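Visitor:
2 protein chains.
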Amino acid sequence: MADDKLEKESTEEKIFEAARDVFHQKGFDGARMQEIADRANINKSMLHYYYRSKDKLFEKVYQLSLMRAIPKIVILLNKDLPLEEKLRSFVREYLTIIKKNPDIPSFIIRELNTNPSRIQEFFRSQVVKNVQPFIDQISEASREGKIVDNLPAEQVVINLISMIIFPFIGKPILQILFEMDDAGFEAFIDQRIDYLPDYVVKMTLK
Amino acid sequence: MADDKLEKESTEEKIFEAARDVFHQKGFDGARMQEIADRANINKSMLHYYYRSKDKLFEKVYQLSLMRAIPKIVILLNKDLPLEEKLRSFVREYLTIIKKNPDIPSFIIRELNTNPSRIQEFFRSQVVKNVQPFIDQISEASREGKIVDNLPAEQVVINLISMIIFPFIGKPILQILFEMDDAGFEAFIDQRIDYLPDYVVKMTLK
DNA sequence: TTATGGTTCAACCAATTGATTAAACCTTTT
DNA sequence: AAAAGGTTTAATCAATTGGTTGAACCATAA
Numbered sequence: 000m001a002d003d004k005l006e007k008e009s010t011e012e013k014i015f016e017a018a019r020d021v022f023h024q025k026g027f028d029g030a031r032m033q034e035i036a037d038r039a040n041i042n043k044s045m046l047h048y049y050y051r052s053k054d055k056l057f058e059k060v061y062q063l064s065l066m067r068a069i070p071k072i073v074i075l076l077n078k079d080l081p082l083e084e085k086l087r088s089f090v091r092e093y094l095t096i097i098k099k100n101p102d103i104p105s106f107i108i109r110e111l112n113t114n115p116s117r118i119q120e121f122f123r124s125q126v127v128k129n130v131q132p133f134i135d136q137i138s139e140a141s142r143e144g145k146i147v148d149n150l151p152a153e154q155v156v157i158n159l160i161s162m163i164i165f166p167f168i169g170k171p172i173l174q175i176l177f178e179m180d181d182a183g184f185e186a187f188i189d190q191r192i193d194y195l196p197d198y199v200v201k202m203t204l205k
Numbered sequence: 000m001a002d003d004k005l006e007k008e009s010t011e012e013k014i015f016e017a018a019r020d021v022f023h024q025k026g027f028d029g030a031r032m033q034e035i036a037d038r039a040n041i042n043k044s045m046l047h048y049y050y051r052s053k054d055k056l057f058e059k060v061y062q063l064s065l066m067r068a069i070p071k072i073v074i075l076l077n078k079d080l081p082l083e084e085k086l087r088s089f090v091r092e093y094l095t096i097i098k099k100n101p102d103i104p105s106f107i108i109r110e111l112n113t114n115p116s117r118i119q120e121f122f123r124s125q126v127v128k129n130v131q132p133f134i135d136q137i138s139e140a141s142r143e144g145k146i147v148d149n150l151p152a153e154q155v156v157i158n159l160i161s162m163i164i165f166p167f168i169g170k171p172i173l174q175i176l177f178e179m180d181d182a183g184f185e186a187f188i189d190q191r192i193d194y195l196p197d198y199v200v201k202m203t204l205k
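Protein sequences appear in the order of chains A and B.
For the first sequence, numbering that gives the first Met the number 0 begins at 0 and goes up steadily by one.
For the second sequence, numbering that gives the first Met the number 0 begins at 0 and goes up steadily by one.
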């Protein structure tokens with residue numbers, strides 16, 4: 000009755016959000032159930048009441064993190080667009096989505112490197128088949144001599160993904176190197192959203 | 000007396016190497032002292048006898064991992080070379096060094112994201128001042144209108160680093176996406192060492 | 001009012017983990 | 001050979017961690 004302003008949030012939701020924050024920041028191994036409980040302002044038993052175990056809770060967080068980041072992009076890749084336009088919107092869309100969820104890349108990469116098996120399956124079943132048409136489209140363009148240096152599709156795709164994702168993963172290094180605060184980093188990303196789509200097209204297509 | 004072929008290795012060294020492997024693979028939080036001891040084929044007490052604590056042991060591993068990866072590159076950046084040549088050799092050298100220590104990038108990035116304070120200082124004191132001349136050189140070139148799209152130095156540098164480092168960090172994704180085994184991945188990197196230096200120059204300098 | 005059933009909590013448990021200890025072992029020195 | 005000192009080991013500790021339990025709480029329905 001004190002400040003129930005916007006506290007319609009259920010306990011289950013509070014737990015999930017706290018878990019998401021802690022898992023994102025510390026990873027599975029570094030996360031503590033007690034810390035999640037504290038951040039959600041509830042008793043630790045509640046975690047197990049709603050999610051059974053740390054593994055199950057992590058699974059939920061992980062799944063939603065991936066779901067939030069990937070499908071929107073994947074849809075784009077399956078559209079029937081000319082390569083040039085697809086490249087441009089891929090870069091722009093991807094950067095924009097990650098900007099809204101900037102801690103997801105580090106999170107995914109970290110868990111993918113420390114405990115591959117847990118999620119390789121997800122990638123194999125959800126991502127690969129949706130990216131394949133895009134790869135094929137690039138391969139075809141390469142065979143037709145439309146790609147700079149006749150690079151194979153794998154190299155082109157990695158160059159794309161690298162330039163999109165790495166700045167978020169390397170944020171702490173970046174901030175030290177260029178003496179950026181968080182606002183500076185955001186401005187840096189905005190600048191990227193602005194020039195990178197055209198830049199990528201230019202450096203990829205003849 | 001069985002197979003003491005090359006076992007001149009001291010216990011201290013065996014511990015360090017085992018620790019390096021385990022820390023690289025699992026990170027600080029995921030690493031277990033017992034696992035390190037097992038991998039080194041020694042009693043767990045030896046870890047503490049030689050390195051006092053898990054933290055101290057980690058510190059040693061971390062420091063050497065950084066030392067091994069960074070100085071060689073940093074030296075290059077301070078040489079008095081024309082930008083074009085410096086770019087080329089920067090990409091080639093950096094890729095070659097990481098190829099020899101392919102698990103270091105993920106390791107550094109992971110710890111940098113989970114526990115920034117532990118190492119920010121190292122970067123600030125060791126890396127920044129050595130990279131600065133390189134940044135300045137690019138900034139100057141940009142002012143002189145020699146950079147494609149007149150990109151600011153920060154964007155150029157990040158594009159470089161992204162394309163060099165990310166493939167190693169994203170190896171698990173890459174392997175799923177393109178159905179690569181470890182040999183395939185190495186071939187992929189070799190291909191990169193081959194074309195990326197010139198490619199980067201072309202996409203950076205007018 | 002009271003019975004019901006979902007929710008919350010404090011107390012507790014078993015297992016794991018980093019760390020310590022004291023004795024045994026081995027190599028070198030005297 | 002015996003003393004000395006560094007090295008190795010097994011046993012053990014205290015703290016932490018994920019997880020469990022049973023009772024209390026509280027809203028809703030009979």
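In this text, a Cβ means the ideal position worked out from N, Cα and C, and glycines have one as well.
From a predicted model like this one, the values you see are computed outputs, not experimental measurements.
Apart from the five residues just before and just after phenylalanine 27 of chain A, which ones in its own chain have a Cβ nearer than 6 Å to its Cβ?
Guide: Result list for phenylalanine 27 of chain A: Phe57, in chain order.
Visitor: According to DSSP, which residues form a beta bridge with isoleucine 146 of chain A?
Guide: The partner list for isoleucine 146 of chain A (beta bridge, DSSP) reads A:Leu204.
Visitor: In chain order, what residues of the same chain lie with their CB nearer than 8 Å to the CB of proline 132 of chain A, ignoring the 5 residues before and after it?
Guide: Answer for proline 132 of chain A: Leu76, Asn77, listed in chain order.
Visitor: So with Cβ pairs under 8 Å, would you call glutamine 119 of chain B a contact of chain A?
Guide: So yes, glutamine 119 of chain B belongs to the interface.
Visitor: Do we get a CB-CB distance below 8 Å when we pair tyrosine 194 of chain A with the residues of chain B?
Guide: Output row for tyrosine 194 of chain A: interface = yes.
Visitor: Taking 6 Å as the limit between beta carbons, can you name the residues of its chain near leucine 150 of chain B, skipping five residues before and five after?
Guide: Cβ neighbours of leucine 150 of chain B beyond the five flanking positions: none.
Visitor: Counting only beta-carbon atoms, is methionine 202 of chain A nearer than 8 Å to chain B?
Guide: With 8 Å as the cut-off, methionine 202 of chain A counts as an interface residue toward chain B.
Visitor: Could you tell me if asparagine 40 of chain B is buried or exposed, where buried requires 16 or more neighbouring beta carbons within 10 angstroms of its beta carbon?
Guide: By the 10 Å Cβ count, asparagine 40 of chain B comes out exposed.
Visitor: Identify whether serine 9 of chain A lies in helix, strand or coil by the three-state DSSP scheme.
Guide: In the structure shown, serine 9 of chain A sits in coil (DSSP, three-state: anything other than H, G, I, E or B).
Visitor: Just to confirm, is the Cβ distance from glutamate 83 of chain A to valine 200 of chain A under 8 Å?
Guide: In contact: glutamate 83 of chain A and valine 200 of chain A (Cβ atoms closer than 8 Å).
Visitor: Which chain A residues are close to glutamine 62 of chain B, counting only those with a beta carbon under 8 Å from its beta carbon?
Guide: Within 8 Å Cβ-Cβ: nothing; glutamine 62 of chain B doesn't reach chain A, min ~17 Å.
Visitor: Kindly indicate which three-state DSSP category phenylalanine 206 of chain B falls into: helix, strand or coil?
Guide: Nothing in the structure corresponds to residue 206 of chain B, since chain B is present only between 0 and 205.
Visitor: Any idea what DSSP makes of methionine 0 of chain B, helix, strand or coil?
Guide: The predicted model places methionine 0 of chain B with a pLDDT of 31, which falls under 50 and marks its position as unreliable, so this point remains unresolved.
Visitor: Near isoleucine 103 of chain B, what residues of its chain come up, given a Cβ to Cβ distance below 6 Å and the 5 sequence neighbours on each side ignored?
Guide: Taken in chain order, the residues that qualify are Ser64, Ala68.
Visitor: Can you have a look at methionine 202 of chain A and say buried or exposed, based on whether 16 or more other CB atoms are within 10 angstroms of its CB?
Guide: When all chains shown are included, methionine 202 of chain A counts as buried.
Visitor: I need the straight-line Cα distance from glutamate 12 of chain B to arginine 51 of chain B, nearest angstrom please.
Guide: Answer to the nearest angstrom: the Cα atoms are 15 Å apart.
Visitor: Hey, how far is the Cα of lysine 170 of chain A from the Cα of phenylalanine 184 of chain A?
Guide: Those two C-alpha atoms are separated by around 8 Å.
Visitor: Tell me the DSSP secondary structure of glutamate 178 of chain A in three-state form.
Guide: Correct three-state label for glutamate 178 of chain A: coil.
Visitor: Taking only the alpha-carbon atoms, compute the straight-line gap between asparagine 42 of chain B and leucine 195 of chain B and give it to the nearest angstrom.
Guide: Their backbone Cα atoms lie some 47 Å apart in a straight line.
Visitor: Which whole-angstrom value is the C-beta distance of isoleucine 72 of chain B and isoleucine 168 of chain B, which I expect to be below 8 Å?
Guide: Their Cβ separation, rounded to whole angstroms, is 17 Å, which puts isoleucine 72 of chain B and isoleucine 168 of chain B out of contact at 8 Å.
Visitor: Taking Cβ to Cβ, would you say serine 105 of chain B is nearer than 8 Å to serine 161 of chain A?
Guide: The answer is no: Cβ separation not under 8 Å.
Visitor: Measure the CB-CB distance between alanine 152 of chain B and isoleucine 164 of chain B and report whether it falls below 8 Å.
Guide: Not a contact, by the Cβ cut-off of 8 Å.
Visitor: State the DSSP-derived secondary structure class of arginine 123 of chain A, mapped to helix, strand or coil.
Guide: Of the three classes helix, strand and coil, the one that applies to arginine 123 of chain A here is helix, per DSSP.
Visitor: Between the Cα of isoleucine 96 of chain A and the Cα atoms of A:Lys205, A:Tyr198, A:Asp197, A:Ile188, which residue gives the shortest distance?
Guide: Among A:Lys205, A:Tyr198, A:Asp197, A:Ile188, the Cα nearest to that of isoleucine 96 of chain A belongs to A:Ile188.
Visitor: Indicate the three-state DSSP secondary structure (helix, strand or coil) for proline 151 of chain B in the structure shown.
Guide: It is coil, neither helix nor strand.
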